[in-house]
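Chains as they are written, first to last, in the working numbering: chain A, 1321 to 1932; chain B, -13 to 56.
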């Protein structure tokens, strides 16, 4: 049965993010100002009232600061009794006088503290919660939760079964949007709920032994096209995100985009065995009486009221299940298996471009396929490596929680580069009599097909024109459940000259990193073998190339991210090749070439493995 | 000339917004204009609102209610 679940989360944040900075402009900092505390609680009450008016239950995430406030505690208890709201505990909202006095820092992101402080804060906050309510919470969360933090919480407070654990694609783009002042990076994670592994929160667990014991939910449900290219905080199911993006009519204050976004998420049940999900989590700072940026308070309020009214309407029509976080964790555990992927064939609902992306996430990889580039893979995260990547003070990654990529078309170019070099992408080129066409320039659409445990993306055939030959080629990209391989098959359906032969070059240009800037490639090792012969290139920016006929595989090992990526081909006479990059273009290329005639097909597999 | 402050709303710089940068502007009450501390934009409230409308040019489907996602 189709099910669309929403988690609505409110937090009484006594010193809301932004509020002190915005409303307090021109005043000395004072996070204990009475006016600030009163307004914060009023906003929380308003949010709760709006949800309840629309027949929706919420998860109340108490903040540390709110646990010092009798009124906030009483309100939570009252709403739990009256409406069945869950009382949970947020690790956001740490800043308050008591916290500052005790920890003597202005840090507020739990994942960025030292491990020692993380433990101390968790103990402090969970015990304070227990003192207030007489039980330990089942749900918690923050904008990001690192694996070490989750493991500690689960070990110490086993009641916890659900947590808000990442903000989808809030990495360098969020940093730039905030004028390079937002020093926390968390790209490369799932966009929909998942069971995090013990090794890395962003990488889903492959089995029970990797299971961290919680169900993670993303902070908001974000536009999978707009947020990939633009500001992650403009295009999510946070009604005020839509205002931040200025995606509303200034005369009528209408914003159909928010409903389109919710509805597109609802439609994702088609790809996920009848289940779809939304998360709404609006901090009180965003409903500030002073207004927020261009939006006056009245518009902020309207956006929240309208957004909740839409969810309420869906519930009344029997199209939505409002769950608390803990209820959702139970539902999700029952519904999903470890290896079942999350799939999203997503279309542009804002820019009028008709572009289509396909997102796939399972315990072995996160992949983005771009139909506007002929089905090229434009983002690839090798979760198969289950990279242990501690974050916070005292680690190598104080601020960077992103799961590294092999391919990222926005940070390391894609098909198009300026002047020289190559960008990261997995595509194919066809050549005939000296002419070359890359499938990245063949715009098309795809359909999703599921047969047994294989999920495929079947692309509409594209036409390729050479000077004296035209042909029609179809791409099918398949993901077998439980496997870390991606199969890509190209088939020539028609040729204007049935006797012609074209060369196909299946290639992958890759590197590694989490930001726009190049990493040191010196430890990368390229390898090719055909069983009897082998060639190796130890990366030294020397622009070397090697090829072998009948190659069994071509591979790259990237020690820094403990990843091995390889390609292999179906045709035994296909030639495998590998290319080292150079200083101006610090990438590597793996590929296969072969000849194809009319009606012939060529399949290659991209495989991801952990390299110790 | 006294120091600048915030205006009645926290208008962002429309020029920076168009390059995906959210940056609050400050208000110069002597010149009656908002100005960006990062780029070279300056303008009256009326001009800011006009430029904000211009920034929406890329949202071609902004007013469209979409119900078919196939």
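Just so it is clear, CB atoms sit at the ideal spot from N, CA and C, and this is done for glycine as well.
Collapsed DSSP secondary structure at residue i in the structure displayed
| i | result |
| --- | --- |
| residue 1923/A | strand |
| residue 1548/A | helix |
| residue 1890/A | coil |
| residue 19/B | strand |
| residue 1630/A | helix |
| residue 1523/A | coil |
| residue 1807/A | strand |
| residue 1834/A | coil |
| residue 1933/A | No answer is possible for residue 1933/A: it lies beyond the span of chain A, which begins at 1321 and ends at 1932. |
| residue 1558/A | coil |
| residue 1445/A | helix |
| residue 1425/A | coil |
| residue 1368/A | helix |
| residue 1538/A | strand |
| residue 1643/A | strand |
Span separating the alpha-carbon of residue i from that of residue j
| i | j | result |
| --- | --- | --- |
| residue 1693/A | residue 34/B | 37 Å |
| residue 48/B | residue 1921/A | 42 Å |
| residue 1481/A | residue 1329/A | 16 Å |
| residue 1885/A | residue 1766/A | 26 Å |
| residue 1893/A | residue 1749/A | 18 Å |
| residue 1640/A | residue 1323/A | 7 Å |
| residue 1690/A | residue 1676/A | 6 Å |
| residue 1466/A | residue -5/B | 37 Å |
| residue 1410/A | residue 1529/A | 27 Å |
| residue 1800/A | residue 1926/A | 12 Å |
| residue 1581/A | residue 1571/A | 22 Å |
| residue 1426/A | residue 1385/A | 14 Å |
| residue 1829/A | residue 1681/A | 21 Å |
| residue 1858/A | residue 1710/A | 28 Å |
| residue 1402/A | residue 1574/A | 32 Å |
| residue 13/B | residue 21/B | 6 Å |
| residue 1602/A | residue 1366/A | 12 Å |
| residue 1546/A | residue 1497/A | 14 Å |
| residue 1531/A | residue 15/B | 58 Å |
| residue 1585/A | residue 1634/A | 13 Å |
| residue 1334/A | residue 1878/A | 46 Å |
| residue 1730/A | residue 1594/A | 32 Å |
| residue 1671/A | residue 56/B | 17 Å |
| residue 1700/A | residue 1553/A | 22 Å |
| residue 1755/A | residue 1784/A | 11 Å |
Close-in-space but distant-in-sequence residues of the same chain around residue i (CB under 6 Å, 5 per side omitted)
| i | result |
| --- | --- |
| residue 1948/A | In this structure chain A extends from 1321 to 1932, so residue 1948/A is not present and cannot be described. |
| residue 1533/A | 1474 |
| residue 1277/A | Residue 1277/A lies beyond the residue range present for chain A, which begins at 1321 and ends at 1932; the question has no answer from this structure. |
| residue 1889/A | 1912 and 1924 |
| residue -3/B | 11, 20 and 34 |
Cβ-based burial, residue i [other Cβ within 10 Å; buried from 16]
| i | result |
| --- | --- |
| residue 1819/A | exposed |
| residue 1913/A | buried |
| residue 19/B | buried |
| residue 1657/A | exposed |
| residue -13/B | exposed |
| residue 1647/A | buried |
| residue 1788/A | exposed |
Own chain residues within Cβ distance below 7 Å of residue i, not counting five before or after
| i | result |
| --- | --- |
| residue 1704/A | 1684, 1685, 1804, 1928, 1929 and 1930 |
| residue 1370/A | 1624, 1625 and 1628 |
| residue 1591/A | 1663, 1664, 1665 and 1768 |
| residue 3/B | 41 |
| residue 1418/A | 1388 |
| residue 1444/A | none |
| residue 1653/A | 1535 |
8 Å Cβ shell around residue i - same chain, five flanking residues per side excluded
| i | result |
| --- | --- |
| residue 1450/A | 1456 |
| residue 1405/A | 1368, 1377, 1378, 1379, 1380, 1396, 1399 and 1644 |
| residue 1900/A | 1846, 1857, 1859, 1860, 1861, 1862, 1863, 1864, 1865 and 1908 |
| residue 1538/A | 1484, 1485, 1486, 1487, 1488, 1509, 1510, 1511, 1512, 1513 and 1599 |
| residue 44/B | none |
| residue 1622/A | 1573 |
Per-residue contacts from residue i into chain E (C-beta, under 8 Å)
| i | result |
| --- | --- |
| residue -3/B | Protein chains A and B are contained in the structure displayed, whereas chain E is not. |
* Which residues, taken in chain order from the stretch 1476 to 1487 of chain A, show a beta carbon closer than 8 Å to some beta carbon of chain B? -> If the cut-off is 8 Å between Cβ atoms, the stretch 1476 to 1487 of chain A has nothing near chain B.
* Taking any Cβ of chain B, which residues in the stretch 1497 to 1513 of chain A have a Cβ under 7 Å from it, in chain order? -> The stretch 1497 to 1513 of chain A vs chain B, Cβ under 7 Å: 1497, 1498 and 1499.
* Asked: What residues from the stretch 28 to 53 of chain B come within 9 Å of chain A, judged by C-beta to C-beta, listed N to C?
  -> Under the 9 Å Cβ criterion, the stretch 28 to 53 of chain B contributes 34, 35, 38, 39, 41, 42, 44, 45, 46, 47, 48, 49, 50, 51, 52 and 53.
* Asked: What residues from the stretch 1668 to 1682 of chain A come within 7 Å of chain B, judged by C-beta to C-beta, listed N to C?
  -> Answer set for the stretch 1668 to 1682 of chain A: 1669, 1670, 1671 and 1672.
* **Residues within the stretch 1574 to 1608 of chain A neighbouring chain B, beta-carbon criterion of under 9 Å** => Among the residues of the stretch 1574 to 1608 of chain A, those with a Cβ less than 9 Å away from any Cβ of chain B are 1574, 1575, 1576, 1577, 1579, 1580, 1583, 1584, 1586, 1587, 1588 and 1590, in the order of the chain.
* Select from the stretch 1550 to 1568 of chain A all residues with a C-beta closer than 7 Å to any C-beta belonging to chain B, and list them in chain order. => So the list reads 1550, 1551, 1566 and 1567, given in the order they occur along the chain.
* To do: Name, going along the chain, the residues of the stretch 1755 to 1775 of chain A whose beta-carbon falls closer than 8 Å to a beta-carbon of chain B.
  => Under the 8 Å Cβ criterion, the stretch 1755 to 1775 of chain A contributes no residue.
* Taking a Cβ distance cut-off of 7 Å, strictly less, list which residues of the stretch 1804 to 1837 of chain A are near chain B, in chain order. => Cβ contacts with chain B come from no residue of the stretch 1804 to 1837 of chain A.
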